[in-house]
Each structure stands twice: as structure tokens, then as C-alpha cells.
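According to this note's numbering, the sequence shown is numbered sequentially starting from -12. For each residue, glycine too, the CB sits at the ideal point set by N, CA and C. Here the structure is a predicted model, which means the values were calculated and not measured.
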Amino acid sequence: SRHGRTDRITNRDQLARAIDRLDTHRRKTVKIGIPRLLIGQGPTEVLVRDGRATLFFSTHSKHWANDWRSWYLTSDDSFKTWSKPQELPGRLKERTFIRPSITTRDGRILMPFQHYVGPDSEKDKAPLDRAFTNPRNGVLMSADGGKTWSAVATMDAGLEPGIGISHGVFHAHGGKLWAFHGAYTGTMKQVHTRAYLLDEATGKWVPKGTVIEGGFWPLQEPVRMDDGNWIMAGFARIGQGNPAAVAISR
């Protein structure tokens, strides 16, 4: 991302493409043609299916609290050229981060997101005019390789007073699909991790409560270690910093 005066900044995203089995990468600046006002850019996910690459990214005019809009664009020639950017559908076009996807054994693509709806007292305002608070986690699902997507599904509406439910990771195990998401109170206080289990019969996510406390926020799906235990990478909201951290389940 670039920050500063709008008359001196050029929008730019950069990609690194491997040309010899990941040993060497070539970096390329991608000119995507969005309004010059949106000086900050943040790519969050690249999805590659059947020869098409889809890049999901967000932009802002100064800070994520300012004019945060969310987009995607596609490439059909291994990242050499790109389509014009398109806004994400519906309410996701504003204040939304698309997060890393997972593909199930039956071929479905699950794409999680975090979306900020703002205070309940400001529902009558336009989305970008609301205070930058009150995140929601949700998921998009595709059964045709990303050509079409399901309606937006909220995983946790955050009905508990003062609780924000944000982004996390998916994990498939034992024929079931789990999700682990970061949550907090106030402004990133009492950070913890909550678990959800997909009910395949209803398509709804069932809350399983808090599974990790102590400030841990998951950033990678759980991985089984040689000793049979599970390890999950993330960060810890501790003191004045956010150090890298891991959580281990025995």
C-alpha cells in the first residue's frame, strides 16, 4: 500500500510470479485503473482455477476507515494481462476483506470474508459514512470452480453485546468443515479464537464457543505434527505489540 498526498501517488499492486519451479520470481507492477483518490491498496487473495486467476483486493483513500472499497479482477494468461476491476457484489463492495479460500473434497470453494457494518445506531447512514466498527465474518461458496457464487452467508452475526467477530481460517477434518475466527471486545481488547462447525444439512455454521484465549488470533489452518498434536499459527494481542504466536492442541 502507498500512503501520502493524492497528487503524488500512483496506484500500484505488485505480484511475484515464479518462472522456474519457485526458485526465481519476477516482480511485476499491475496497473489496475481505479480512481486516483484510492491511494492505498491491499491484495488479500489470489484464486486460480481452470486457467483463470482472480485477484481480490481492497482500496482506501487514507486509512481503512476512509473510502474502503473492495474489488476483484481476472487474468487468463498467467498474470500477463488483467481485466478491469469489478466491485464485489452487494454489500461486500464496501469495507470487506476477502480471505484465503479452501477447496473441499467434493470440489466446492469456500471463500471467507470480514465485513464491517458499523454501529447499530448508524444503520440509516450510507455504509462508508458509518463509524469503522462492528465486523462480521461470513463465507461465499462456489460449486462450479468460481464461475458463480452463492448468496452472502453470515457465519456469526455478533449478537453478543460488545463482541466483534472477524476473519479466520477453515479446516477440513474427519469429513467435517471447521472454521476458527478471531474475536474481540471493544477496540481489539480480550482477543480470543472462536470455533464454528458447518452443518451440511442446513448449510448453517454452528457456533462451538471460545476455544483459545490469551490474545491468540489464528492466521493459518491447523496442521497435524509428527507427535499427533495440532499446531496453528497466528499472532497474539499482548501488551503494545502483536508478536507471532502458535496455538497447540493436545
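Which residue wins for smallest C-alpha separation from residue i, given the options the options?
i, options, result
"proline 106", "Gly145, Ala140, Phe222, Leu206", "Gly145"
"leucine 34", "Leu164, Leu79, Ile85, Asp186", "Ile85"
"alanine 170", "Lys191, Tyr183, Arg117, Gly161", "Tyr183"
"valine 139", "Glu147, Gly125, Gly149", "Gly125"
"threonine 91", "Phe44, Trp51, Gly162", "Gly162"
"proline 87", "Phe43, Asp37, Pro230, Leu60", "Phe43"
"aspartate 143", "Ser153, Leu115, Glu109, Val178", "Ser153"
"isoleucine 150", "Asp116, Thr197, Glu109, Val193", "Thr197"
"valine 178", "Glu187, Ile199, Ala188", "Ile199"
"aspartate 64", "Thr141, Pro148, Asp37", "Asp37"
"methionine 219", "Pro76, Thr141, Thr180", "Thr180"
"serine 137", "Tyr103, Pro76, Lys176", "Pro76"
"alanine 52", "Phe66, Val104, Ser108", "Val104"
When burial is assigned at 16 or more other CB atoms within 10 Å of the CB, is residue i buried or exposed?
i, result
"alanine 234", "buried"
"arginine -11", "Residue placement at arginine -11 is flagged as unreliable, the pLDDT there being 36, under the threshold of 50; the coordinate-derived value follows with that caveat. Under this definition arginine -11 is an exposed residue."
"asparagine 216", "exposed"
"serine 246", "Since the first residue of the chain shown is -12 and the last is 237, residue 246 is not available in this structure."
"glutamine 28", "buried"
"alanine 242", "There is simply no residue 242 to check, as the chain begins at -12 and stops at 237 in what is shown."
"alanine 113", "exposed"
"histidine 50", "exposed"
"alanine 193", "The sequence shown places valine at residue 193, rather than the alanine named in the question. When all chains shown are included, valine 193 counts as exposed."
"arginine 211", "exposed"
"glycine 94", "exposed"
"threonine 46", "buried"
"threonine 189", "exposed"
"glycine 221", "buried"
For residue i, list the residues DSSP reports as bridge partners.
i, result
"threonine 135", "Per DSSP, none; premise fails for threonine 135."
"phenylalanine 46", "Reading the sequence as shown, one finds threonine at residue 46 and not phenylalanine. Answer is Gln28, Arg56."
"proline 99", "Val126"
"tryptophan 192", "Leu185"
"glutamine 73", "Tyr59"
"arginine 211", "Trp217"
"glycine 145", "None; glycine 145 has no bridge partner."
"lysine 176", "Thr172"
"leucine 34", "Thr41"
"leucine 164", "Ala159"
"serine 236", "Trp217"
"glycine 151", "Tyr171"
"threonine 197", "Arg181"
Distance check for residue j and residue i, CA to CA, integer angstroms please.
i, j, result
"alanine 159", "methionine 98", "14 Å"
"alanine 130", "glutamine 227", "43 Å"
"alanine 223", "lysine 191", "29 Å"
"aspartate 213", "serine 236", "13 Å"
"glycine 155", "glutamine 101", "9 Å"
"glycine 173", "threonine 68", "43 Å"
"isoleucine 96", "glycine 132", "7 Å"
"leucine 164", "glutamate 32", "20 Å"
"proline 122", "proline 72", "24 Å"
"arginine 39", "threonine 135", "14 Å"
"aspartate 111", "threonine 120", "15 Å"
"methionine 128", "alanine 231", "30 Å"
"phenylalanine 157", "glutamate 208", "6 Å"
"serine 70", "serine 62", "6 Å"
"glutamate 240", "leucine 60", "Beyond the ends of the chain as shown, which are -12 and 237, falls residue 240; an answer cannot be given."
"proline 30", "threonine 41", "11 Å"
"asparagine 229", "aspartate 186", "33 Å"
"glutamate 147", "isoleucine 225", "23 Å"
"leucine 115", "serine 108", "14 Å"
"methionine 175", "lysine 195", "21 Å"
"isoleucine 89", "phenylalanine 66", "21 Å"
Would you say residue i lies against chain C (beta-carbon separation less than 7 Å)?
i, result
"aspartate 63", "In the structure shown, chain C does not exist; there is a single protein chain."
Are there three or more Cβ pairs, one per stretch, closer than 8 Å when the stretch 53 to 62 is compared with the stretch 75 to 84? Because the criterion of three Cβ pairs below 8 Å is met, the stretch 53 to 62 and the stretch 75 to 84 touch.
Stretch pair the stretch 195 to 207 + the stretch 166 to 180: three plus CB contacts closer than 8 Å: Here the stretch 195 to 207 makes contact with the stretch 166 to 180; the two share three or more CB pairs at distances below 8 Å.
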